[in-house]
Each structure stands twice: as structure tokens, then as C-alpha cells.
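Let me begin by presenting the structure, written as C-alpha cells, before commenting on it.
2 protein chains.
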Amino acid sequence: MTTLLTTSDVARIVAQQGPSQVFTGMLDYLLADFLRWQEFDKCARVASHSTTGVIELMPTADHELYSFKFVNGHPNNPQAGLSTVMAFGALAQVSTGEPILISELTLTTALRTAVTSALAARALARPDSRSMALIGNGAQAEFQALAFHEVLGIDTLHLYDVDPAATRKLENNLALTAPSLRIRRFDSTADAVKGVDIVTTVTADKAYATILTADMIEPGMHINALGGDCPGKTELHADVLRKGPVFVEYEPQTRIEGDLQQMPADFAVTELWRVLTGLAAGRQSARDVTIFDSVGFALEDFSALRWLRDAAARHGIGTRIEVAPRLQDPKDLFGVVRAVRQGQTVLVQR
Amino acid sequence: MTTLLTTSDVARIVAQQGPSQVFTGMLDYLLADFLRWQEFDKCARVASHSTTGVIELMPTADHELYSFKFVNGHPNNPQAGLSTVMAFGALAQVSTGEPILISELTLTTALRTAVTSALAARALARPDSRSMALIGNGAQAEFQALAFHEVLGIDTLHLYDVDPAATRKLENNLALTAPSLRIRRFDSTADAVKGVDIVTTVTADKAYATILTADMIEPGMHINALGGDCPGKTELHADVLRKGPVFVEYEPQTRIEGDLQQMPADFAVTELWRVLTGLAAGRQSARDVTIFDSVGFALEDFSALRWLRDAAARHGIGTRIEVAPRLQDPKDLFGVVRAVRQGQTVLVQR
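One line per chain: the protein sequences are A and B, in this order. Every position in the first sequence, counted from 1, becomes a number in the numbering used here once 5 is added. Every position in the second sequence, counted from 1, becomes a number in the numbering used here once 5 is added.
Laid out in C-alpha cells, this is it:
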């Protein structure tokens with residue numbers, strides 16, 4: 006049988022563990038997998054574009070487990086009462102192909118994206134970073150704020166969003182969840198980023214947007230750019246990318262999807278795993294500008310699904326469902342129909 | 006909310022409708038989609054190979070619906086009590102990305118594969134075909150036998166499998182389900198195919214096998230070759246493919262995966278949709294040999310998922326699950342965690 010986790014199931018795991026344990030726990034899984042990057046079967050995600058958005062499949066595998074995520078990106082969804090990003094995915098045994106976990110990944114994508122950002126910033130930002138500007142205060146914002154608070158010790162947040170209601174929602178949620186965070190609202194991106202150590206951009210518009218321009222970037226800043234993650238969807242002016250070394254998850258995918266899509270094919274970037282394993286340098290001085298051009302990669306979902314599988318087992322959360330039946334005779338698939346008709350079962354009870 | 010269909014759910018639909026209605030009903034959905042082939046966003050499936058098998062993702066979309074299937078192929082699985090092929094998949098709205106159906110596709114893949122074979126044979130085999138050899142009597146065999154019986158009026162089956170127990174299982178199932186079928190067992194492929202109108206090969210070995218050789222092929226035969234469906238996995242000797250026109254589902258995929266993988270890149274083939282729409286000729290005379298080199302294409306799962314969606318609604322079968330939550334405030338994803346902690350719900354009830 007396969008375990009099914011719904012969004013409420015994942016929310017219960019998060020509520021029972023608390024944000025601190027969730028972010029640090031999931032970070033351990035991500036780091037462990039990034040450190041063995043070369044063991045993974047990797048490909049750029051498979052995207053299906055429409056006039057309103059994109060639907061993607063993101064598979065990866067090591068020698069033991071296979072994972073994939075189904076995920077959409079539809080920036081106008083909130084106007085129809087739907088989330089911009091919805092996702093689910095699965096974990097399967099490589100040796101047999103049997104799916105062992107099917108899980109919602111809507112909430113989980115927000116968690117793993119924040120953990121990836123924190124993992125990259127811990128390696129690339131100045132160690133004394135305490136303040137962060139958060140540009141884009143939608144569904145992903147709380148997760149970014151809490152992950153940076155828990156993992157990096159960020160204590161001051163500067164907020165800006167074109168939609169003031171989104172900023173109010175973020176402030177209210179953070180006041181309840183992380184009351185020690187100092188929070189200030191701003192009326193523009195330029196004002197919000199002034200003087201901060203880290204700038205996180207997480208905007209949803211599927212367009213060649215210019216959220217950050219070079220004049221806003223100060224020496225020593227770390228830029229955590231998440232929203233340029235799709236062909237035709239960028240956030241950084243090209244000159245921002247020229248301000249310092251650019252780090253990416255999986256170069257072939259980021260060249261197509263990231264802010265990097267604006268740059269020539271020979272524009273130098275460094276894959277994050279090389280910094281994490283010590284093969285490449287990260288930040289070289291306190292005055293360097295470091296840029297993480299993040300688009301989200303299948304490996305992060307692989308790690309998140311591994312974390313979910315273990316957390317669900319530990320908390321006893323999840324439902325067993327039968328999508329890949331264990332038959333008494335594996336060659337007698339038709340027997341399932343016959344048995345249902347006769348009110349019998351040919352499924353092996355487990 | 007998303008509807009979930011388990012294998013038992015799909016088996017109940019099949020048991021309630023009966024094989025005849027299932028095969029003819031699903032065939033209408035497949036034909037309707039094949040006739041509008043050019044409306045679909047198509048790509049070869051994305052495969053992850055290991056030493057024991059393969060795991061694949063098969064996406065496609067039209068302007069309204071997106072579908073994908075997760076499916077494995079592990080020929081040694083039955084020895085471990087598992088099915089060779091296990092699958093599940095989903096149907097989503099293109100306009101919003103919302104998944105509307107997640108379903109088992111293990112049983113469904115067997116159904117849609119048989120329906121595709123019957124659809125192709127109805128267009129390519131001699132109209133007076135009444136006998137079929139079935140080489141490979143595993144999990145897929147009953148479905149092939151019943152679909153050809155229901156759709157083409159096949160009344161005589163010749164069976165052969167290297168595993169006599171598989172043949173006995175098939176005979177027993179068919180005796181109960183289609184007692185009017187005349188069935189004969191044979192001790193070799195060569196004996197089984199002698200004098201029949203249609204030869205269906207559906208063997209599981211992941212190897213360059215030679216199930217059919219040119220000397221076995223008689224004038225007027227239709228060859229329905231299913232088991233050569235993966236790089237390194239073939240069933241037909243190359244000379245069999247030279248016996249007559251070869252028809253395929255989606256040429257770029259079949260060149261990589263089908264028996265066609267043995268042939269030069271310029272070996273001529275015709276896509277089935279062109280025959281079905283009248284753009285290309287099928288069989289030209291009663292003495293032609295026609296060959297359907299079938300590997301399974303995402304469009305067939307798309308059609309099957311559409312059929313499942315409608316059948317499940319009609320029969321009131323399926324469970325509602327929440328993997329892509331409808332939030333009261335779509336930008337307040339974090340609210341799910343807060344609400345679970347407070348024992349509240351932020352999900353819109355539908």
C-alpha cells in the first residue's frame with residue numbers, strides 16, 4: 006500500500022513539531038542530499054505552458070528512491086480563490102517502482118523552498134546578517150521569514166508588496182508565530198532594501214519584471230531571488246546579476262528559467278552543491294555581493310518527500326491507499342475486477 | 006478538492022459496467038482524442054532507468070485539461086509478489102493548474118492499452134479477422150483478449166507463454182468472463198501464430214528479444230506488438246518490420262522505445278492518428294501485413310483519465326481528498342498551519 010498525506014496531514018506535522026524543528030529538520034535532509042549531488046539522476050523539469058500559467062513535472066532519483074512533483078504556477082489564481090502554486094508528488098522504490106508515498110506538496114513546497122533559501126544563505130550571506138527585506142508578501146513569505154529567523158538568526162524584517170493586504174496578512178501571521186521578529190513596512194522596494202543584509206524577492210507576476218535594479222544593491226548584501234523561475238518570468242535587472250558571483254541550483258534548468266535567462270550562455274555561475282561540498286568558493290569578503298538565482302529543483306522535493314515520509318511515520322499521520330495493488334498473483338491483474346464483482350478481495354492485506 | 010480513485014474504485018466501475026461497456030465506452034474517448042491529435046502538447050515520456058527496470062512520467066495537455074501518468078516497468082517484480090507495471094496519474098485544469106482527479110492507473114493502464122490495440126486493429130486488421138494469437142499471457146492478456154472480442158468480434162484465441170501457469174490463469178479468467186471465446190493452448194510462438202488473423206505480442210522481458218521472426222508472418226496478418234516499449238526491449242525481428250507498413254502512436258517516442266529502435270532513422274512509419282482521420286492509408290489489400298508498433302502514449306492516459314472522471318461521477322465512486330487546498334485567503338497558505346494548531350479550518354468547504 007501507499008501512504009497518502011493531505012495538506013491537513015502535513016499541517017498537523019508542522020503544527021506538532023513547530024516551525025523551528027521543521028525548518029532545521031528538513032534542512033538536514035536537504036543538506037545531506039546536496040552533499041551527494043552527483044549520485045542523482047537529474048533533468049530540467051518538464052513544463053507545459055498555457056496563456057494563464059504553467060504546469061510542471063519535476064522528477065529525480067538516486068539508486069534507492071525516485072521522486073517527482075506535479076506543480077503549477079498561475080499568478081492570477083488568487084483572484085479566483087485559488088493558490089498560485091499547488092503541488093503534489095510521490096516517492097517510489099527504484100528497485101521495484103512501487104510508490105510508497107503520495108503527498109500534497111502545496112504546503113511542503115513552501116517549506117522546502119524556504120529551507121533551500123536558508124541553506125544557500127547560510128553558505129553565502131555574511132555570517133553577521135541579521136536583517137532581511139522581503140519583497141513579495143504572498144503565500145511563500147511567512148515560510149521565508151521563519152526559515153531565515155530559525156536558521157540564520159534574522160531578527161529584523163523589512164516588508165514590501167504591491168498588495169498592502171498581503172503585507173498585513175504576513176505581519177499578523179508573524180506577530181503570532183515569531184513575536185520577537187522586528188518588522189517594518191515600506192512603500193517601495195527601494196526603501197525596503199536600504200541597509201539590509203539580505204534581500205529576498207518572491208513575487209508572482211509571470212513577466213519580465215525588474216523588482217531589483219543595480220542602484221539598490223549595497224556592498225555585502227546577499228540576494229535571494231526566487232520569483233524569476235520560469236521562461237519569461239524574471240525579477241532582477243541584468244546589472245544586478247553582474248554585481249557579484251551568481252549561485253544556482255542546477256545550471257541547465259536555471260539557464261532556461263532563472264533570472265539567468267537574460268544573460269549570455271557563457272555568463273559564469275556556480276552550482277550551490279559545489280559550495281556546500283567545498284569544491285567552490287562562496288563569498289570571499291564581507292563586501293562581496295552574493296546572488297542566489299533560485300528556481301526550485303527536483304532534488305529539494307526529493308529531500309522534502311524523504312522528510313515527510315519519516316515525519317509521517319514518527320507522528321503516525323497519513324492514510325493507506327491502494328493505487329498499486331499487491332495481488333495474490335501479480336500476473337492476475339484482471340482478478341481484481343472478478344473479485345470485486347464477487348465481493349472478494351485478491352489484494353494482499355498488509 | 007480532488008477526487009481520488011483507488012484500484013478497488015476502478016475495479017468497481019469495471020464490474021458495474023461490464024467489460025463490453027467499458028471497452029466500447031473508453032474507445033469512444035480515445036478515438037475522439039486521436040481525431041484531434043494536433044490540439045495536444047506532446048513529448049516523449051521522461052524515463053529514469055535502473056538495473057531492475059524503468060520509472061516514467063507521461064504528460065500531455067490540450068487547451069482545457071492536463072494529464073500525466075507515473076508508471077514503472079520491472080519485469081522481475083512478480084517474483085517479489087509485485088506487479089510488473091504499476092501506475093497512477095492525474096488530470097488537472099489547464100486554466101488554473103488545479104488537480105481534479107488523482108487515480109490509480111495500474112488497472113486503467115491495462116484497460117487503455119487494450120482499447121488502443123483494438124482501436125488500431127479496427128483500423129488496420131482485415132475486417133473479417135476472427136482469430137488472434139496472444140503471445141505473453143501475463144497481467145495484460147485478459148484485457149487484450151476481451152477488448153478484441155468486444156470491439157472486433159475475435160472469437161478464437163491461440164495462447165502461448167513461457168510460463169504455463171500464466172496461460173492457465175488466462176484461460177480460467179476468460180472461461181468465466183467470455184465463455185463463448187474458443188481457446189487453444191500451444192507449446193511455442195511459431196505454433197500459436199499459424200493461421201491466425203491477428204498476432205498480439207505482450208511479453209515483459211526487458212531485453213532485445215525476438216518473439217516473432219519473419220518466417221512466422223503470413224499474408225494478411227495484423228501484428229499488434231506491445232512488449233517492445235523501452236530502449237533495449239524489443240520483440241520483433243527487424244525483418245518482421247519490413248513485412249508491411251508500420252504504424253506507431255507518436256513517432257519521436259517510438260523511434261526511441263519501440264521495435265522501431267532497431268531500424269534506421271529513415272525507416273518509414275505512419276502515425277495512427279493519420280489513418281484514423283483519413284489523412285493516410287492503412288491496409289491496402291487483404292494480403293497486406295500491417296504492423297502496429299505500440300509503446301503506449303500519454304494521450305491514451307489522458308483519454309482514460311477523462312473516461313474515469315466521467316464514469317466515477319456517474320457511478321458516484323471516489324473519495325474527495327485535499328492536496329491543493331482551497332484557502333479562504335489564497336495568499337495565506339501559512340494560515341493552514343495556524344488553523345490546524347488552533348483546531349480551526351481555513352479550507353473552503355465544497
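All residues carry an ideal CB built from backbone N, CA and C; glycine is no exception.
- Following the DSSP letters along the chain, one finds glutamate 254 of chain B in no beta strand (DSSP E), marked with neither H nor E.
- Annotation for valine 51 of chain A: the continuous beta strand (DSSP E) segment containing it runs 51 to 54.
- The criterion of a C-beta distance shorter than 7 Å is satisfied by threonine 194 of chain A and tyrosine 165 of chain A.
- Of the other Cβ atoms in all chains shown, 16 or more fall within 10 Å of the Cβ of valine 328 of chain A; this residue is therefore buried.
- Its Cα nearest to that of alanine 214 of chain A, the residue A/Ala243 stands out among A/Lys199, A/Ala243, A/Asp202, A/Arg190.
- Residue range 303 to 320 is occupied by the alpha helix (DSSP H) that includes alanine 317 of chain A.
- Chain-ordered, the chain A residues with CB closer than 9 Å to the CB of arginine 331 of chain B read Gly86, Leu87, Ser88.
- Inclusion of valine 300 of chain B and glutamate 262 of chain B in the CB contact set at 7 Å is warranted, their separation being smaller than that value.
- In terms of beta-carbon proximity, aspartate 244 of chain B stays away from the interface with chain A, with every pair separated by 7 Å or more.
- Taking all protein chains in view, the Cβ of arginine 187 of chain B is surrounded by fewer than 16 other Cβ atoms within 10 Å, so the residue is classified as exposed.
- For the region 300 to 327 of chain B, the residues whose beta carbon sits under 9 Å from a beta carbon of chain A are, in order, Thr324, Ile326, Glu327.
- The criterion of a C-beta distance shorter than 7 Å is satisfied by aspartate 264 of chain A and glycine 233 of chain A.
- Within the DSSP secondary-structure output, histidine 227 of chain B pairs in a beta bridge with B/Ile203, B/Thr295.
- The beta carbons of threonine 121 of chain B and valine 15 of chain B sit no closer together than 7 Å.
- Distance from the CA atom of leucine 181 of chain B to the CA atom of alanine 130 of chain B, rounded to whole angstroms, is 27 Å.
- Listed by position along chain A, the residues whose Cβ is nearer than 9 Å to that of glycine 58 of chain B are Val99, Ser100, Thr101, Gly102.
- In chain order, Trp278 place their CB closer than 6 Å to the CB of tryptophan 42 of chain B, counting only its own chain and leaving out the 5 sequence neighbours on each side.
- With a threshold of 16 other beta carbon atoms within 10 Å, histidine 320 of chain B falls short and is exposed.
- Across the region 18 to 35 of chain A, CB contacts with chain B closer than 7 Å involve Val19, Ala20, in sequence order along the chain.
- Per the coordinates, the alpha-carbon of lysine 248 of chain B lies some 46 Å from the alpha-carbon of threonine 8 of chain B.
- From the listed residues B/Ser25, B/Val76, B/Gly58, the smallest Cα separation to arginine 50 of chain B is found for B/Val76.
- Two segments are said to touch when three or more pairs of C-beta atoms, one from each, lie closer than 8 Å; by this definition the region 93 to 101 of chain B touches the region 67 to 74 of chain B.
- Residue contact check for histidine 154 of chain A against chain B: no CB pair falls below 7 Å.
- Threonine 259 of chain B sits buried, since 16 or more C-beta atoms from the chains shown fall within 10 Å of its C-beta.
- In the DSSP secondary-structure assignment, threonine 324 of chain A is bridged to A/Leu9.
- When C-beta distances to chain B are compared with 7 Å, every residue of the region 211 to 230 of chain A stays at or above that value.
- Look at glutamate 109 of chain A: its C-beta is under 7 Å from a C-beta on chain B.
- In the three-state reduction of the DSSP assignment, valine 245 of chain A falls in the helix class, which pools H, G and I.
- Looking at the DSSP output, aspartate 46 of chain A bridges to A/Ala66.
- Per DSSP, the beta-bridge partners of arginine 190 of chain B are B/Leu164.
- Using a Cβ-Cβ cut-off of 7 Å, valine 345 of chain A is close to Ser13, Ala16, Arg17, Ala20 of chain B, given in chain order.
- With respect to the 7 Å criterion, leucine 62 of chain A and leucine 62 of chain B are classified as neighbours on the basis of their beta carbons.
- Residue state for proline 24 of chain A is assigned as helix, using DSSP reduced to three classes.
- The Cβ atoms of alanine 316 of chain A and glycine 323 of chain A lie no closer than 7 Å to each other.
- Here alanine 126 of chain B is buried. Its C-beta has 16 or more other C-beta atoms within 10 Å.
- Lysine 74 of chain B does not reach chain A, its nearest Cβ partner there being about 10 Å away, counting only Cβ pairs nearer than 8 Å.
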